[in-house]
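Protein chains in written order, with the numbering used here: chain A, 1109 to 1332; chain B, 2 to 408.
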């Protein structure tokens, strides 16, 4: 949410952020959230959300790939032959993911180890290909960037929420810092091992979907 | 009784009906009132014959059936404690020690579970379902006696909310609610579910004995834990380190360490018999679980070779661990089990086979009953589907034959 408001403040006078375009950013945050509504990118949301730090790094990686991928594909959309568009998109995404992977290895080696194969698997993250195929191929560069930002943030928000609960209850920490005091453990509190397992991430995502649907009437399927 | 009824309808009910001060918590009043009296609903159309048995009465019957297991569990908790400490104690001492350990768990399980249930009923504005009456008793019976109470509370909340309410409440759950609570604890706090210090917790000597590796591993299935241990040579020892006089009989009676309600096969079978006689429990499921387990045990005996656990007599499997308890009280859950008669047999047999398979083959899980039942809970609709489809097919065939013959 915050990203949306920040960008608005920077350039308030431009028509770049007309209502219609702003919707490109705000829609994926709630009404068409890639994780909780479209149920895309679930694998990585389950796999790397044990702690907050890798989740945030993962979010940054996906953000970069989705936004840049949308931009590049959108620029090339009139050049890419329709029959080979998937493979063309794949090459672009693969290139971007390689950049992310190498940068991570250079800057955050231990996190890169922790994320292991999931950095490379950004390529197969349905959100990336989905946005290229559904949006960037048919829209101009600027809206494509906005769309990428919106979807990446929508994905990142869920990632961070899931990781927050898993790290807090699973290991008593937040972003690597101990937050549950030692005295709690002495009184008999125990970290919840279930939180460290992927099934619990699925349960948390499920609860998020539940809460979201309870609050957002638009998402409830029409009663027959 | 009449006076009480009059008091309820005249004095108390007006507060809760629409317009009353407490109309918001009408479901709570309704729940308690119908607990005491037959609900005042009249049938308006269709069949006018009503059985006095409604969901509440059925549930109470199951709770009654669990009473022997609960009482024996209380005694056994004390018995194991004094056995481990090496003190001799009277029957009542053992029973009281156990009751002090067990009753708080029952109370926490019921109050938390019913609290969550009431909350959902008030928010969703529907009347209270009684599904938790049974789950609330099952949960303590399948936990080790030394489980911290807050864990019981957390697991109960998880089980009722995630196991039941998200699917639509009582009667809609895919999985057995009590087993969801247990599975949650098992994966969340594995060290507490291993039961390696519950027998002699507050006595150094007893603790030491237990710590030597007699009963580490899984809760309750401590005979199973011994059997799953690499050094197992076919002899079982009780918590004081002495071998059982007769392992089978001791285990059948339930004088072995284990979760509160699961040790005594005898007490469980009493409850099971009661359930079958009054027609609440399905004898098909119970029988087929035992058969499945026994057959699988025999198969392992055949291929055992040097493996002492595989060579363990097949009938030992039936009295160890949670198999009997699971077969009688958990697998027969009418909501999550298979519905068709043939389906029930397949479902029960599968549970028995899978349980023994997990016990013997997977060293990480000395007891397999929980996972076996949960797995077949998920499979039950599939089993039913194929049974129904098979029936339809055979009837279509018969119809074709009949019509062809007429021509």
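Using N, Cα and C, we set each Cβ at its ideal position, and we do this for glycine too.
Legend entry - residue 323 of chain B to residue 333 of chain B span [Cα, whole Å]: If I take the Cα positions, the gap works out to 14 Å.
Inset, instruction - Put residue 216 of chain B into one of helix, strand or coil per three-state DSSP. - result: Low confidence applies to residue 216 of chain B: its pLDDT is 39, below 50, so where it sits in the model is not reliable enough to give any reading.
Legend entry - Segment limits, alpha helix (DSSP H) that includes residue 1210 of chain A: 1193–1215 is the extent of the alpha helix (DSSP H) around residue 1210 of chain A.
Inset, instruction - Along the alpha helix (DSSP H) that carries residue 86 of chain B, what are the first and last residues, could you check? - result: Under the DSSP assignment, residue 86 of chain B falls in the alpha helix (DSSP H) whose first and last residues are 56–86.
Legend entry - Contact with chain A by residue 190 of chain B, beta-carbon distance below 8 Å: Yes, residue 190 of chain B counts as interfacial toward chain A.
Inset, instruction - Would you please verify whether the beta carbon of residue 1302 of chain A is less than 8 Å from any beta carbon of chain B? - result: Interface flag for residue 1302 of chain A against chain B is set, since a Cβ pair is found closer than 8 Å.
Inset, instruction - Just grab the DSSP bridge partners of residue 1286 of chain A for me. - result: Per DSSP, A:1281.
Inset, instruction - Establish whether the CB of residue 1318 of chain A and some CB of chain B are separated by less than 8 Å. - result: At least one beta carbon of chain B lies nearer than 8 Å to the beta carbon of residue 1318 of chain A.
Legend entry - Option nearest residue 331 of chain B by Cα separation, candidates B:396, B:180 and B:17: Of B:396, B:180 and B:17, the residue nearest in Cα terms is B:180.
Legend entry - Contiguous alpha helix (DSSP H) assignments of at least 4 residues, all confined to the region 102–175 of chain B: Those alpha helix (DSSP H) runs which fall completely within the region 102–175 of chain B and span 4+ residues are 133–142 and 150–159.
Legend entry - Short CB-CB distance (under 8 Å) between residue 124 of chain B and chain A: Answer no: the Cβ-Cβ gap between residue 124 of chain B and chain A never drops below 8 Å.
Legend entry - Given residue 1219 of chain A as reference, the closest of A:1251, A:1198, A:1272 and A:1168 once Cα atoms are compared: Selected option, being the one with the closest Cα: A:1168.
Legend entry - First through last residue of the alpha helix (DSSP H) which encompasses residue 275 of chain B: Residue range 266–278 is occupied by the alpha helix (DSSP H) that includes residue 275 of chain B.
Inset, instruction - Answer with yes or no whether the minimum CB distance from residue 1280 of chain A to chain B is below 8 Å. - result: Chain B, which has no Cβ nearer than 8 Å to the Cβ of residue 1280 of chain A, makes this no.
Inset, instruction - Identify each residue in the region 1142–1171 of chain A for which the Cβ-Cβ distance to at least one residue of chain B is less than 9 Å, and report them in chain order. - result: The region 1142–1171 of chain A vs chain B, Cβ under 9 Å: nothing.
Legend entry - Which listed residue (B:376, B:366 and B:377) has its alpha carbon closest to that of residue 191 of chain B: For residue 191 of chain B, the nearest C-alpha among the options comes from B:366.
Inset, instruction - Could you tell me whether the Cβ of residue 1181 of chain A comes closer than 8 Å to any Cβ of chain B? - result: No - not a single Cβ of chain B is within 8 Å of the one on residue 1181 of chain A.
Legend entry - Touch test, the region 71–82 of chain B against the region 262–278 of chain B, Cβ-Cβ under 8 Å, three pairs minimum: Yes, they touch.
Legend entry - residue 104 of chain B versus residue 165 of chain B: straight-line alpha-carbon distance, rounded: Cα to Cα, residue 104 of chain B sits roughly 24 Å from residue 165 of chain B.
Legend entry - Cutoff 8 Å: residue 207 of chain B Cβ touching any chain A Cβ: Interpretation of residue 207 of chain B is limited by its pLDDT of 36, a score under 50 that renders its predicted location unreliable; the figure taken from the coordinates is listed afterwards. Not an interface residue.
Inset, instruction - Answer with yes or no whether the minimum CB distance from residue 1298 of chain A to chain B is below 8 Å. - result: So, interface residue.
Inset, instruction - Identify each residue in the region 126–160 of chain B for which the Cβ-Cβ distance to at least one residue of chain A is less than 7 Å, and report them in chain order. - result: Look at the region 126–160 of chain B: the residues with a C-beta under 7 Å from a C-beta of chain A are 149.
Legend entry - the region 370–388 of chain B: positions lying closer than 7 Å to chain A by Cβ: When C-beta distances to chain A are compared with 7 Å, every residue of the region 370–388 of chain B stays at or above that value.
Legend entry - Per-residue contacts from residue 163 of chain B into chain A (C-beta, under 7 Å): Result: 1311.
Legend entry - C-alpha gap between residue 399 of chain B and residue 309 of chain B, whole angstroms: When rounded, the distance between both Cα atoms is 51 Å.
Legend entry - Pair within 8 Å by beta-carbon distance, residue 1267 of chain A and residue 1157 of chain A: Between residue 1267 of chain A and residue 1157 of chain A, the gap from beta carbon to beta carbon is short of 8 Å.
Inset, instruction - Can you give me the Cβ contacts of residue 1200 of chain A inside the same chain, cut-off strictly under 7 Å, excluding the 5 residues immediately before and after it? - result: Take residue 1200 of chain A, set aside five residues on each side of it, and the residues of its chain with a beta-carbon closer than 7 Å to its own are 1177, 1180 and 1181, in chain order.
Inset, instruction - In angstroms with no decimal places, state the Cα-to-Cα distance between residue 1171 of chain A and residue 1224 of chain A. - result: C-alpha separation (whole angstroms): 18 Å.
Inset, instruction - Using only alpha-carbon positions, find the residue among B:279, B:320, B:354 and B:121 that is nearest to residue 299 of chain B. - result: If we check each option's Cα against that of residue 299 of chain B, B:354 comes out closest.
Legend entry - residue 117 of chain B at chain A interface by Cβ criterion, 8 Å: Output row for residue 117 of chain B: interface = no.
Inset, instruction - Using only alpha-carbon positions, find the residue among B:78, B:146 and B:272 that is nearest to residue 106 of chain B. - result: Sorting B:78, B:146 and B:272 by C-alpha distance to the C-alpha of residue 106 of chain B places B:146 at the top.
Legend entry - C-beta neighbour in chain A for residue 168 of chain B, strict 8 Å: With 8 Å as the cut-off, residue 168 of chain B does not count as an interface residue toward chain A.
Inset, instruction - Would you kindly work out how many angstroms separate the C-alpha atoms of residue 208 of chain B and residue 95 of chain B, rounded to a whole number? - result: Low per-residue confidence applies at residue 208 of chain B: pLDDT is 37, beneath 50, and the placement is therefore not dependable enough to give any value.
Legend entry - alpha helix (DSSP H) runs wholly inside the region 271–339 of chain B, at least 4 long, in chain order: Runs of the alpha helix (DSSP H) inside the region 271–339 of chain B: 284–303, 309–312 and 315–320.
Inset, instruction - For my contact list, residue 393 of chain B and residue 374 of chain B are in at a C-beta cut-off of 8 Å; report their separation, rounded to the angstrom. - result: No, residue 393 of chain B and residue 374 of chain B are not in contact; Cβ-Cβ is about 28 Å, not under 8 Å.
Inset, instruction - Thinking residue 1282 of chain A and residue 1130 of chain A are a contact (beta carbons under 8 Å), I'd like their distance in whole angstroms, please. - result: Between residue 1130 of chain A and residue 1282 of chain A the Cβ distance is about 32 Å, and since that is not below 8 Å, they are no contact.
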